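Everything below concerns the one structure shown next.
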Amino acid sequence: MTAEQGGLGVGASLRRKEDARFLHGRGRFVGDITRPGMLEVAFLRSPVAHAKLRSVTKPAGAEKSVFTLADLPGVQTIRANSALPGFRVSEQPALAKGKLRHVGEAIAACVAETRAEAEDLAGACVLDYEALPAVHDMLAAPLPTSPLVHEAWSMNAFLETRRDDDVSGLDAIAVAKVTRTLRTSRQCMAPIEGRGVLAEWDPRLEQMIVTTSTQMPHVTKTGLADCLGLDEGQVRIVSPDVGGGFGYKGILLPEEIVCASLAMQLGRPVRWLEDRYEQLTASANCREHHYVITAWADREGKLLGVECEATVDAGAYSSYPFGACLEAAQVGSILPGPYILPLLRCHTISACTNKPPILPYRGVARTGVCYAMETTLDALARKLGISAEAIRLANLVPPNAMPYRNLVGKVFDSGDYPESLRRAVAAFDLDTIRARQARGEVVGFGLATFCEQGAHGTSVYHAWGIPFVPGFEQAHVRLSPDGVLEVRVGVHSHGQGMETTLAQVAHEILGVHPDKVRVVHGDTALTPYSTGTWGSRAMVMAGGAVAEACRQLAERVGAIGAALLQVAATDVEVIGGMVRRRDNDGAVSIADVARTWYRAPQNLPPGVNKGGLEVTAGYRPDPDTGTHSYACHAAVVRVDTETGAVVIEDYLIVEDGGKLVNPMIVDGQVLGGLAQGIGTALYEEMPYDAAGQPLAATLADYLLPGTSDVPDVRLDHMETLSPWTTFGQKGIGESGAIGPPGAIVNAINDALAPLGAEVTDLPASPPRVLAAIQAAQAARR
Amino acid sequence: MKKITISLTVNGEPRQVLAEPREQLVDLLRRELMLTGTHVGCEHGVCGACTVEIDGAPARSCISHAGSCDGASVRTIEGFGEDAVMADLREAFSHEHALQCGYCTPGMLVVARDVVLRLPEADEARVREEMAGNLCRCTGYRGIVRAVLRVLAARRLHA
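Protein sequence lines, in the order shown, are assigned to chains A and B. Numbering-wise, my numbering comes out as the position in the first sequence, counting from 1, plus 49. Numbering-wise, my numbering comes out as the position in the second sequence, counting from 1, plus 71.
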């Protein structure tokens, strides 16, 4: 490999190709795009959490500008069913049908020349409804006394799952046993760009073109075609620049269906842009878990077993495509974390409530599960009188056990989990922290270790029976006559910098300069089918597919180049953007080969591959049980016992993502995830009142971490290759968001230990910290 | 709704536009003047994505009534073409990976430029305080803070 290759290919912190347009305000987001004759939509949304909808009276004179479900003929309901036994089916109408099931549910679409006028129309509609008691608490929801969100159901639960290892003998043999009741709050993912949809009907192509801010254009296309009764060829999804996703844009939206239906009906382009009020009140939709967890350990802290009763608030409907159970049903399989666990008894409920339907947010269940496991481990350690480090070292899967299959069947591919912990602890001066504690300072040190399954595919998801089981990922590569390489992928970037990283992958194989690689994504008309960007899968799956396509292209390029060099194909190699004779006696550039194929075909060798310089290749790791990146998060916090405020004094992450295709971008992913994890740990919370009303309607109420809240984190990398992926890379997009609640709350509880206080609920906001201190004081009296 | 005429200078060009009295500056910029580099984030003045310069100072264009900007001079992200500080910031933002999705970036840059010019001696704590009114959901802020510090340090070196 030449020095130049080392500087631009896999492993290089190449600056991002996409930066320039954003830095000059030339990004193109849905809201930046207009069409002649375009109409704007404002939705009339439910003001109540639960009601029978009797009627909508449209404003006089504007009847034709207000559309209820009855005005959208042929539109089908959204169904995202699971094949798991016992799953209860919810049907989500694009606009409310007879019943209102959460605040913010869309009831009618109001259409006008401007959004302001459309909002005027929405405000002038009169709703007649009969309010019903709302089910806002996930623990009360499944009780027989609770009103039913879906009348035909027997209880408010999408699904229950059970794993029933016998833990009844553990009380007799365990040295320590702890039980904790823990809770996390409902959050809003809150990308700075909200959702946005621009739908237009192309009468020439007889095609619905929907420009929408989505992470999964192809899945949206399939779902939208289903709901509109169109052939998939009649739907094209364009996803331009996406202003943050995190899972929030991994969904088929009711609003997409409505806008598309309106555009067909009205013969004019129709656009809806979500505003922040809508986002917070209608789409706070993630992370709300409750655990009662018991763990048993021996004298050294080795886990003997865990028992867990987990409830996840799944909201009112099952969203497409991931469904209502993606978090709760995974709790049991994620709970063992990176540890060797002999026994697990776990019961989960995906509770159905009068709240917005759950979406999988960065970390997907892991953030809550890691929080539960890590705080429980610390409680065990305190009981045993051993350190947080010791209890983890007693249980982490050792490197010589890799690949390791745990008790629930998860297969860890590679890594040295204990080393990440040792490196993290070694980076802190614990003696100083203990000395400060001895002086009465309320400071603490906390750890969280975890692993993140990423890029898991068919072998994992088929058991779920969700509408989309990921399979092979395809990439299409095409050399242009001028030697520029186009790379087409069906995954879509929403900040991950794939225009750069996939160009690095192509460069790694072909040696074409990344500036001469054009990554095309975000348009179903231009890219191969893909289940999209989620589950930390893009760099493993699309990266692998691009590499495979480039390798196949290299063979074709090599064969033509060899003919031009008048040697056998076996006597050349494609390297550094050139076809070189192995004896170093001559070379032609890939651009020369491209020119020959397109413009001087008389010079092509006989028997040349007729497929030319375009290749579509598929890729799936074998096995596709997923990569496991892992990390140790460590935090030092200071707690103000007067105000309850928590300050993060120091934070370190030791992370192993396998081969880092672009270390700078990986750091960015980890740091961005960390900031969101700090939000989960300390700030973010959508409270609901007893009527199911969301109480944080602005960003002054719903607190997102700012520059002053996220410390200048220390990052340390290990690099253990995955044996199953193209370059040894592992999915790592979500990892940063998983560890912070565990590490931070463990640090808080370490600080509060002298007071006998322990925080159990997230976020560990000042009122909760104070409540924990007061409860401890009360218990002492 | 009755419209009013607003005269203002945008990115150095005198402009006369019609707007509804209830309209905010950001909508005027984006719709009437097609300056879509200024983004709408929260529409209630918290997130900072819509920050532009009004008469030389950063301001939230989502809560600045268009009508009240009559006679004002407005500069948006598209209007910093030759500005040396902005060029340095753009370079530093890319170098420090201070942007991912790019949505908050224009507002960040307008505020960052103000910080660099107004507080040449600012340290990290001060930069974090000054930038606290602009939310980013992608980066975790480290790159942003480091980019601003980088430009400040370079300017001190060459002062």
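Glycine is no exception: its CB is placed at the ideal position from the N, C-alpha and C atoms. Keep in mind that this is a model prediction, so the values were computed, not measured.
Contact criterion: CB-CB distance below 8 Å. Does residue i meet it with respect to chain B?
{"i": "G56(A)", "result": "no"}
{"i": "V49(A)", "result": "Not covered by the structure: residue 49(A). The range shown for chain A is 50 to 830."}
{"i": "A428(A)", "result": "no"}
{"i": "G755(A)", "result": "yes"}
{"i": "A165(A)", "result": "yes"}
{"i": "P672(A)", "result": "no"}
{"i": "R320(A)", "result": "no"}
{"i": "L748(A)", "result": "yes"}
{"i": "T51(A)", "result": "Confidence in T51(A) is poor, its pLDDT being 38 and thus under 50, which makes the residue's placement too unreliable to answer from."}
{"i": "R527(A)", "result": "no"}
With the cut-off set at 8 Å, would you say residue i and residue j are in Cβ contact?
{"i": "P266(A)", "j": "G581(A)", "result": "yes"}
{"i": "L93(A)", "j": "C159(A)", "result": "yes"}
{"i": "A169(B)", "j": "A203(B)", "result": "no"}
{"i": "A813(A)", "j": "I781(A)", "result": "no"}
{"i": "N711(A)", "j": "A61(A)", "result": "yes"}
{"i": "L764(A)", "j": "E698(A)", "result": "no"}
{"i": "G74(A)", "j": "P129(B)", "result": "no"}
{"i": "A740(A)", "j": "A183(A)", "result": "yes"}
Tell me, please, whether the CB atom of residue i is closer than 8 Å to any CB atom in chain A?
{"i": "I148(B)", "result": "yes"}
{"i": "P177(B)", "result": "yes"}
{"i": "C113(B)", "result": "yes"}
{"i": "V186(B)", "result": "no"}
{"i": "G173(B)", "result": "yes"}
{"i": "R93(B)", "result": "yes"}
{"i": "S165(B)", "result": "yes"}
{"i": "R161(B)", "result": "yes"}
{"i": "L170(B)", "result": "yes"}
{"i": "L190(B)", "result": "no"}
For the alpha helix (DSSP H) holding residue i, just list the boundary residues, first then last.
{"i": "L106(B)", "result": "No alpha helix (DSSP H) holds L106(B); DSSP gives it neither H nor E."}
{"i": "K432(A)", "result": "415 to 433"}
{"i": "I383(A)", "result": "377 to 383"}
{"i": "E166(A)", "result": "164 to 173"}
{"i": "K226(A)", "result": "Per DSSP, K226(A) belongs to no alpha helix (DSSP H); it is in the beta strand (DSSP E), 225 to 232."}
{"i": "R197(B)", "result": "195 to 201"}
{"i": "V216(B)", "result": "213 to 228"}
{"i": "K270(A)", "result": "266 to 277"}
{"i": "Q778(A)", "result": "Here Q778(A) belongs to no alpha helix (DSSP H), and DSSP marks it neither H nor E."}
{"i": "F71(A)", "result": "68 to 72"}
Terminal residues of the continuous beta strand (DSSP E) containing residue i?
{"i": "F92(A)", "result": "88 to 94"}
{"i": "Y340(A)", "result": "338 to 346"}
{"i": "M767(A)", "result": "763 to 767"}
{"i": "P177(B)", "result": "Element bounds for P177(B): not the beta strand (DSSP E) but the alpha helix (DSSP H), 176 to 189."}
{"i": "R320(A)", "result": "319 to 322"}
{"i": "E15(A)", "result": "One cannot answer for residue 15(A) here, as it falls past the ends of chain A, which runs 50 to 830."}
{"i": "T397(A)", "result": "393 to 400"}
{"i": "E114(B)", "result": "It is not in any beta strand (DSSP E) - E114(B) carries neither H nor E in the DSSP assignment."}
{"i": "A248(A)", "result": "245 to 251"}
{"i": "L701(A)", "result": "695 to 705"}
{"i": "S771(A)", "result": "Looking at the DSSP string, S771(A) is not in any beta strand (DSSP E), and its letter there is neither H nor E."}
Open item on the list: Residues of the region 534 to 550 of chain A in Cβ contact with chain B at a cutoff of 9 Å, in chain order, please.
Closed with: S542, H543, G544, Q545, G546
Which residues, taken in chain order from the region 713 to 726 of chain A, show a beta carbon closer than 9 Å to some beta carbon of chain B? M713, I714, D716, G717, Q718, V719, L720, G721, G722, L723, A724, Q725
Discussion item. Please give the ranges of any beta strand (DSSP E) in the region 620 to 692 of chain A, keeping only runs that are unbroken, at least 3 residues long and fully inside the region.
Written reply: 621 to 624, 627 to 630, 636 to 638, 663 to 668, 676 to 688
(request) Output, in sequence order along the chain, the residues in the region 234 to 252 of chain A whose CB is closer than 7 Å to any CB in chain B. (result) A239, P240, I241, E242
With 9 Å as the C-beta to C-beta threshold (strictly closer), list the residues of the region 66 to 100 of chain A near chain B in chain order. E67, D68, A69, R70, F71, L72, H73, G74, R75, G76, R77, F78, G80, D81, I82, T83
Quiz item: Residues in the region 197 to 222 of chain B with C-beta within 9 Å of chain A's C-beta atoms, listed in sequence order?
Solution: V198, R199, E200, E201, M202, A203, G204, N205, L206, C207, R208, C209, T210, G211, Y212, R213, G214, I215, V216, R217: these are the residues of the region 197 to 222 of chain B whose beta carbon lies less than 9 Å from some beta carbon of chain A, given in chain order.
- Task: Anything in the region 112 to 139 of chain B with a Cβ closer than 7 Å to a Cβ of chain A? List those residues in chain order, please.
- Result: For the region 112 to 139 of chain B, which is checked against every Cβ of chain A, the residues closer than 7 Å are G112, C113, E114, H115, V117, C118, A120.
ask   = Going along the chain, which unbroken runs of the alpha helix (DSSP H) with 4 or more residues stay wholly within the region 513 to 599 of chain A?
value = 547 to 559
**Report entry** Contact list for the region 265 to 296 of chain A against chain B, Cβ threshold 7 Å
**Finding:** D290, V291, G292, G293
### Cβ-based contacts, 7 Å cut-off: residues of the region 324 to 335 of chain A near chain B
D324, R325
**Prompt:** Quick one, which residues of the region 74 to 108 of chain B are near chain A if we go by CB-CB under 9 Å, in chain order?
**Reply:** E91, R93, E94, D98, R101, R102, M105, L106, T107, G108
Practice task
For the region 112 to 181 of chain A, list the beta strand (DSSP E) runs that are entirely contained and at least 3 residues long, ordered along the chain.
Solution key: 155 to 161, 175 to 180
TODO: For the region 438 to 512 of chain A, list the beta strand (DSSP E) runs that are entirely contained and at least 3 residues long, ordered along the chain.
DONE: 492 to 503
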